[in-house]
Structures are given as structure tokens and as C-alpha cells.
Amino acid sequence: MIILGIETSCDETSAAVVRNGTEVLCNIIASTKDVFAQSGGVVPEDAARRQVELILPVLHSAITDAGLSYADIDAIAITKGPGLMGSLLVGVMAARTLSLVHNIPLIGVHHTLGHLSSIWLEHSEEPTFPCLTLSVSGGHSDLWLRSSHTDGKLIGKTKDDAAGEAFDKGAAMLGLPYPGGPSIAKAAESGDASAFNFPIALSKEKTCDFSFSGLKNSLRLAIQKHDGDLEKLRPNLAASYQEAICAQLCHRVSHALTLYPDVKEVHTVGGVSANSRLREMLQGNISPCALRTPKTIPYCTDNAAMIASAGYFIQLEKPKEAYEAFITSTSTSL
Ligand code: KG4
Ligand code: ZN
């Protein structure tokens, strides 16, 4: 089954063609992150405008790069939410129009289920359920206990900021460009992660939830205390801050594994899963479970291939719900 995926929930305009949920025929991503590099974050109205400009050329590239025509597409999978409303509507309206004009069924995909599905792209090994998925991006920090490709229980979520948001806001405080994750990771390369002892929130509690607001505040206080030395201390601050975010994420995964001993594999997905220190720390913490990460870095951040993959597994596992009419959704259930 060949699915055209469309993802426009934030500042990436992406269209992809994926066969049977795993084989990526093409994955076009037009990112406008550079536009927001100095503003410290995405400006929703500007993001929506860029979506309008990019959606048609991106769709055209996806279909031509895959060497196909719309007659070859069996279904269109579209991110239905959550995300920035203006950005989402551009993708949803394009998908609905294509569906009507070419008579192709439409599958609405929850953005988070897209991220959870990114793990199957170009992976041929069968998954072992139940598995634990740490889904960490700019919009969410979730821990899922999954029983199938499309079903799972949310066992942990953030009480305040998402992990990616903590990276983005921390980077802005450190005078580093958006997106903050890659900027902090780069600055941290030449820093000492033990130079600052930042707190690991909720580490004494038996919880799978996350919290990053206290850590953010500690960074703010450290910057204020060493006012004037930021240039010199930036690498150490970045490395220590990154370490504290990753340590908290690993701590919750380790706790979840004690609660669910049947779990054999741990996945991490979403923009923050691109972080190499996080991957290294998780690898060291989850033994004897195996760690699975998206095959390539573009599958960690927002992309349409993951939406097409999710669409495939939705129609396979939930055929009755797959093609129901949908509206853009802010619901947290998949
Ligand atoms: O999944 P994504 O592209 O969009 C959302 O659904 O939010 O994730 C974007 C987030 C940003 O907050 C960005 O700073 C973070 O992922 N990110 C990273 C890295 N690459 C992207 N965080 C840490 N390390 C990275 N290498
Ligand atoms: Zn995302």
C-alpha cells in the first residue's frame, strides 16, 4: 500500500511517499527554522504564511521524486493535530483538496502517533510489544507503554515545559540560536558537564512524569550569578544543562522499566531523540533492553514519512476508525 504523508503542524512543510509503512520512497522536508533562528522560537503567523508558500512545491517534489502520479497513491495521511492551528490548516486543506480531486481516501494522524511511528521507517525488524517509548520534542515529553503500533497507555508526561522547549528556552538564555537542542549540543561539545550541578527534578519521587521549569530557573540564576562571564562559561553551562535534561529523561525511563518488567525494547523518538548524549545515556541505563532510535536524524524531527507510516498502521489495526471524518485535534489520546 502506497501512502502520501503530509505534515505541516509547525515550521516544517513536509510530504513523503511510503510503501507499507516502512519503505520510504521519498521524504521532502522544507524547514523554515532558519527564519526563526534569531527570534528564539517560532512565530505562529509567520510559520503559517511559509506553509502556504511551500505546500504546493513540496507536494510536487514528493510525487515526482517518488516517480509516481496521484493515480498510484492508495491513501493520504495528514497530521490532524496537535500543532499550530494556522500551520495545520494549510496541510489539512491541501490534503482534503487532493483527496476530493483524485478520489483518494484520507487518514487523519495524531502528530504524536506520527513520532511514535518514525521508529518503523527503514527498519525491517519486527517490534517486540509491549515496548516503552520516550517521545520528546518541542511540543511534548511523553512516556508511552505501547501494546501495538497504534495503541498505548500514556504513563508519564511533563508537568510544565517539554524537553525540547527546555532546550530552546535554555539556548535563548545562553544567547544561542533556535532550535536550541542542536545549538546546546554543539556548545556542550567543548564544555564540562560536571561544572555546574543543575537539579534533576522529581528524582526522589516514584513518578514517570517530567518537569523542566526548575532546571530552567537554575540556568537563569547561574547566568545572572556569573554575569559578564557568559562567553567563557557558555560551553560548561550548555554541557551541564544538557546533562541535567538527559539525566532526568533517563531516570524516568529507568523507573518505568522497574514498573513494567515485561518490556523488552525501549524507543526514543521526537526532535530531542536526535541528541547523542541522550542516546548514549539511555543505552547505558536500560540494559538488558534494546534501544531503538529513528534510522536517520531527519526522522527524529518533524517529517511526513512518519505520518505516512502511522497512517498505514492505523488502517491496518483500526480499519473502522481510519477513514472517519476528522477535525484538527488538540486531544492527547492517539
Ligand atoms: O519533533 P520536533 O521536530 O518538533 C515538535 O514536534 O516539537 O522537535 C523539535 C525540538 C526542538 O525543541 C529542538 O530544539 C529539539 O527538538 N531538538 C533537539 C535536537 N535536535 C532537535 N534537542 C536536543 N538535541 C538535538 N540534537
Ligand atoms: Zn513533532
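Sequential numbering of the sequence shown, starting at 5, is according to the working numbering.
Note that CB positions come from ideal geometry on N, CA and C, so glycine has one too.
Computed from a predicted structure; not experimentally measured.
When the five nearest sequence neighbours on each side are left out, the beta carbons in the same chain lying within less than 6 Å of the beta carbon of leucine 237 are those of His230, in order along the chain. Taking 9 Å as the cut-off, the beta carbon of cysteine 304 is found no closer than this to the beta carbon of methionine 285.
For the ligand ZN, residues qualifying as neighbours are Ser141, Asp306, where qualification means a beta carbon closer than 5 Å to at least one of its heavy atoms (chain order). For the ligand KG4, a non-hydrogen atom lies closer than 8 Å to the CB of proline 183. Between proline 48 and leucine 104, the C-beta gap is not smaller than 9 Å, which leaves the two residues out of contact.
When distances are taken from the beta-carbon of alanine 166 to the heavy atoms of the ligand KG4, the shortest one is below 8 Å. By the neighbour-count definition (other C-beta atoms within 10 Å, threshold 16), serine 313 is a buried residue. It is roughly 23 Å from the alpha-carbon of leucine 225 to the alpha-carbon of glutamine 42. With fewer than 16 other CB atoms across the displayed protein chains lying within 10 angstroms of its CB, histidine 106 is exposed. Rounded to the nearest whole angstrom, the C-alpha separation of glycine 160 and alanine 294 is 20 Å. The stretch 107 to 115 makes contact with the stretch 77 to 87; the number of CB pairs closer than 8 Å reaches 3 or more. With at least 16 other beta carbons inside 10 angstroms of its own, leucine 8 counts as buried. In the DSSP assignment, valine 21 is bridged to Leu8, Cys30.
Contact check between the stretch 149 to 165 and the stretch 134 to 141: three or more CB pairs, one atom from each, fall below 8 Å, which counts as touching. Annotated three-state conformation of glycine 274 is coil, per DSSP.
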